[in-house]
Amino acid sequence: MIYDFYCTGSDDQVTLVDNQLAYRRIKLRPKIFVDVSSHAALSSVNRHTKLLNSSVTISFPCIIAPTALHHLANREHGELATVRAAVAHSTIMCVSTAASTSMESIAEEHQRQIKEHYPQSHSQLWYQLYVFPDRRRTQQLIQRAERCGYKAIVITVDMCVLGNRECDIHNDFALPDGIRAENLIDDTGDDDDELFNRPYDSSLSWKDLEWFRSITQLPLIIKGILHPDDARQAVRHGVQGIVVSNHGGRQLDTSQSTIEALSDIIRVVRDEEKNYEIDVYVDGGVRRGTDILKAVALGAKAVMVGRPILWGLAVDGEKVNLGDRGVMLPNAVKIKYLDKGSMVHLCASTEDRSGHVPSNDELELEFKVW
């Protein structure tokens, strides 16, 4: 039941499957007779990535995507194990509204890990937001995140209605005793069933961005964009980031895969950018370092990885901060292929960009065979 909750999608799961297959359809064309015998060649690959107008630098272009209820994967530690991985790898954890650990507890553990174990880490916390019909509740969540030191609000916009998740319906999925969406507890300390089961504002529109700006100074990132027209609107409304996402294939089935949608969105964003740079991220189907390479080559600032994090958490989450097992990001998405599998030569840097945005059909990456 828990496996199905994490790993299945909506309806026939066409989009879920295609998110991964689309990466396989993008081919790499290696160049040969390039000397990579020296370890200096390996160290020349710069994986550090600057985000949000260079306000934060993460160690490699991979962010922990917002996923719900980590205590289902690891009853003892849940999201606390995940945030330890984020700090250890100097990257960003995007905390879900439906987390099974409160945003305050996650922030406290994040600060403790940096102070006691990883003082050089540039890790940040972002907060993923579902917009509720009760805007007072929505505003309270944003204000709580601000007080806890979260650095951005990631607004999910593809959940006006819940996807038809047939496996969950067939399994009659319900949360086990002791696990709940801690950020959605009402003032009496009880779960607010209406919020948890129907938390989505179906009236959400572009004009609501003005309201968000009136209540927070944090950067706004819009998650759930697939259409270039929506990307254009996002830029014109002054958001700081876009996540190309189909909700991991859990919403509208047969939607386009995210990596195939990326190129058109990158073109629109670059055409519309005027006085500031807008980050474009992509999630869905990332399983290998070569997938990250393809996304970055097509213009993404970073990828967001969700399900592989949960798999690592389920294996041995309590060992996460020891560096041997559990939620260790290089193992979760096989980042080693950025180094040894393909010795990427994107001008020796994941940050270098040319003016040309390749399409999926014409993508050709120069890389060195290790």
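Each residue of the sequence shown is one higher than the one before, counting from 8 in my numbering.
Backbone N, C-alpha and C define an ideal beta-carbon position, used for all residues, glycine too.
These figures come from a predicted structure and were not determined experimentally.
Between the CA atoms of residue j and residue i - distance to the nearest angstrom
i, j, result
"LYS34", "TRP133", "33 angstroms"
"TYR125", "ASP18", "43 angstroms"
"ASN171", "GLN20", "10 angstroms"
"THR265", "GLU116", "32 angstroms"
"VAL102", "HIS55", "22 angstroms"
"LEU269", "LYS301", "11 angstroms"
"CYS155", "VAL41", "49 angstroms"
"ILE9", "MET166", "21 angstroms"
"PRO140", "ASP208", "5 angstroms"
"ARG257", "ASN26", "11 angstroms"
"GLY289", "ALA95", "For clarity, residue 289 is Val in the given sequence; the question names Gly instead. For VAL289 and ALA95, the distance between alpha carbons rounds to 22 angstroms."
"PHE67", "TYR30", "19 angstroms"
"SER109", "HIS129", "22 angstroms"
"ALA152", "ARG220", "15 angstroms"
"ARG379", "LEU233", "The shown model of the chain, from 8 to 377, leaves out residue 379, and the question about it has no answer."
"ALA106", "TRP318", "16 angstroms"
"GLN147", "ILE39", "56 angstroms"
"LEU259", "GLY231", "11 angstroms"
Sequence-distant residues of the same chain with beta carbon closer than 7 angstroms to residue i, five excluded per side
i, result
"THR89", "ILE71, HIS77, MET100, ILE316, LEU320 and VAL334"
"HIS177", "none"
"ASP331", "Residue confidence is low: ASP331 scores 40 on pLDDT, short of 50, so the model does not pin down where it sits. Its coordinate-derived value is still stated next. Closer than 7 angstroms at Cβ, skipping near neighbours: no residue."
"TYR137", "THR104, THR163, MET166, PRO206 and TYR207"
Residue i, enclosing beta strand (DSSP E) - first and last residue
i, result
"GLN131", "131 to 136"
"GLY248", "248 to 251"
"LEU191", "Unbroken run through LEU191: none, as it is neither H nor E."
"CYS101", "99 to 102"
"VAL164", "It is not in any beta strand (DSSP E) - VAL164 carries neither H nor E in the DSSP assignment."
"VAL63", "63 to 65"
"TYR288", "286 to 290"
"THR56", "56 to 58"
"LEU227", "227 to 232"
"VAL381", "Residue 381 lies beyond the residue range present for the chain, which begins at 8 and ends at 377; the question has no answer from this structure."
"ILE70", "69 to 71"
Terminal residues of the alpha helix (DSSP H) in which residue i lies
i, result
"ILE273", "265 to 279"
"ASP298", "296 to 304"
"MET110", "110 to 123"
"ASN26", "21 to 32"
"LEU87", "86 to 95"
Cβ distance (whole Å) where residue i is taken to contact residue j below 8 angstroms
i, j, result
"GLU284", "VAL242", "Going by Cβ atoms, the distance from GLU284 to VAL242 rounds to 11 angstroms, so no, they are not a contact pair."
"THR98", "ILE121", "13 angstroms between Cβ atoms; not a contact."
Close beta carbons around residue i, own chain, < 6 angstroms, minus the five adjacent residues each side
i, result
"LEU329", "Residue placement at LEU329 is flagged as unreliable, the pLDDT there being 35, under the threshold of 50; the coordinate-derived value follows with that caveat. Once the five neighbours on either side are set aside, LEU329 has no close Cβ partner at all."
"LEU23", "GLY16 and GLY256"
"HIS254", "ASP165"
"SER212", "none"
Sequence-distant residues of its chain with Cβ nearer than 8 angstroms to residue i (five each side left out)
i, result
"CYS14", "ARG314"
"ALA114", "LEU132, CYS155, GLY156 and TYR157"
> Touching or not, the stretch 154 to 171 and the stretch 222 to 229, by the rule of three or more beta carbon pairs under 8 angstroms?
Replying inline: yes
Would you check if there are 3 or more beta carbon pairs closer than 8 angstroms linking the stretch 78 to 86 to the stretch 56 to 63? No, the stretch 78 to 86 is not in contact with the stretch 56 to 63.
For the 8 angstroms Cβ check, are there 3 or more pairs between the stretch 230 to 250 and the stretch 271 to 278? Output reads yes: the stretch 271 to 278 touches the stretch 230 to 250.
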